[in-house]
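Oh and the sequence shown: position 157 is 752 in my numbering, straight run, nothing missing.
First up is the structure itself, then whatever we jot down about it.
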Amino acid sequence: MKVGVVGAGTMGRGIGQIFAQSGHDVIIIDVSPEALNFARKDIKNSLERLLKKDKIKEAPETILGRIEFLGDIESLKSCAIVIEAVFERIDIKKDTLAKISSFVSEDAVIGSNTSSISIDVLSRSVKRPERFLGIHFFNPVPVMSLVEIVPSEATSREILETTTELLKSVGKDPVFSKNFPGFISNRILMPMIREAILTYEQGIASPSDIDKTFMLGMNHPMGPLKLADFIGLDVCYDIMEVLYRDFGNPSFKPPITLKNLVDSGKLGVKSGRGFYNYKVKKE
Ligand SMILES: NC(=O)c1ccc[n+]([C@@H]2O[C@H](COP(=O)([O-])OP(=O)(O)OC[C@H]3O[C@@H](n4cnc5c(N)ncnc54)[C@H](O)[C@@H]3O)[C@@H](O)[C@H]2O)c1
């Protein structure tokens, strides 16, 4: 089966990788040639790490050989399923989904990896809403087994069932959410990250003490500010904007510190600076 992924960022790379690991042919599309080049390198490194840990049996080159990195959405024609993983901006997603829908075959399934945007709203951009649903993976995709599956009002039962089976076949363990802002995960996670940022903004504690509180006190593997850096501060900002707008509740409003970090290009791990400093992988 051929799988298409649109967006070669943090999530798109991982989504493409897990399907290729399971033997599927994959096309990863991005408008940015740099993103595509980085995706190839990053997937290769990830596969080499997995081989060393004995988590995969095939050679990384063999798995990588199943993935094409392309710039043109038209190449998705032959895909049985296409997963959209572009920026968390409603207009960009609607436009991208409309383009995907105009090129794929009538029988293709289209999924969106949106973290928060209404699946009903997005479903209006595709030609066959009954073959469209939310498929929300978690970062890093090759490591995290969870996937949130979110049908729209129009998603057919058959598509829901076959997509669930496909996701299980590539090692994912699904939960199901109704279409509601932030679904299960981000509705609960984003207010925690927001409060952690406000706790720092108000001078109550340092980032490392805020994170230590959650690691040593609540047994979280990483604290909320480091997690925000891993998700991407721009992604967190965009998700909070959607939740704030859709719930109409100020307790989802993105803090000014988050906006300032994003405006100054401090996006977390991917840019090398966020609440902490990181070695930039892209260099
Ligand atoms: N980062 C996370 O932890 C996480 C987790 C789950 C879901 N998500 C969701 O996944 C989606 C992608 O997030 P990300 O973290 O991978 O973002 P990212 O910024 O790392 O990557 C987005 C990619 O999309 C590409 N892109 C933008 N417009 C495009 C277009 N029109 N056509 C093709 N490519 C395009 C960009 O060039 C970029 O490479 C978002 O909807 C986000 O909410 C993110």
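No residue lacks a Cβ here, since even glycine has one placed at the ideal position from N, Cα and C.
Check P546 in the structure and name its three-state DSSP category. Lying before the first or after the last residue shown, residue 546 is absent from the chain, which here runs from 596 to 878.
Which residues share a DSSP beta bridge with G729? S707 and V745
For G863, write down the residues that DSSP places opposite it in a beta bridge. R868
Considering only residues of the same chain and omitting the five flanking positions on each side of V864, which have a CB-CB separation below 7 Å? D824, F825 and Y873
To which residues of the same chain is V837 closer than 6 Å at the C-beta, ignoring the five residues directly before and after it? Only residues of its own chain outside the window of five on either side were considered, and among them S711 and I712 have a CB closer than 6 Å to the CB of V837, listed in chain order.
Taking C-alpha atoms, which residue in F682, K722 and N774 lies nearest to S696? K722
Nearest-angstrom Cα distance between Q797 and N814? Near 25 Å, if we compare the C-alpha coordinates of N814 and Q797.
Close-in-space but distant-in-sequence residues of the same chain around F733 (CB under 6 Å, 5 per side omitted): Answer for F733: M739 and L741, listed in chain order.
At a cut-off of 8 Å, would you count N640 as near ligand 1, judging by its Cβ distance to the nearest heavy atom? Outside the cutoff, so no.
Below 6 Å CB to CB, which residues in the same chain sit around R726 once its five sequence neighbours on both sides are set aside? V704 and I754
I need the DSSP call for D620, collapsed to helix, strand or coil. Three-state DSSP puts D620 in a strand.
Taking 9 Å as the cut-off, decide whether the C-beta atoms of N774 and I834 are in contact. no
Select from K650, V626 and G706 the residue whose C-alpha is nearest the C-alpha of S747. G706
With DSSP as the reference, label D667 as helix, strand or coil. coil
Cutting at 8 Å between CB atoms, please list the residues of its own chain near P845, excluding the five before and the five after it. Y839
What does a CB cutoff of less than 7 Å around E878 pick up in its chain, not counting 5 residues either side in sequence? Here the model assigns E878 a pLDDT of 40, short of 50, so the residue's position is not dependable, and the following value carries that caveat. So the list is empty, once near-sequence residues are dropped.
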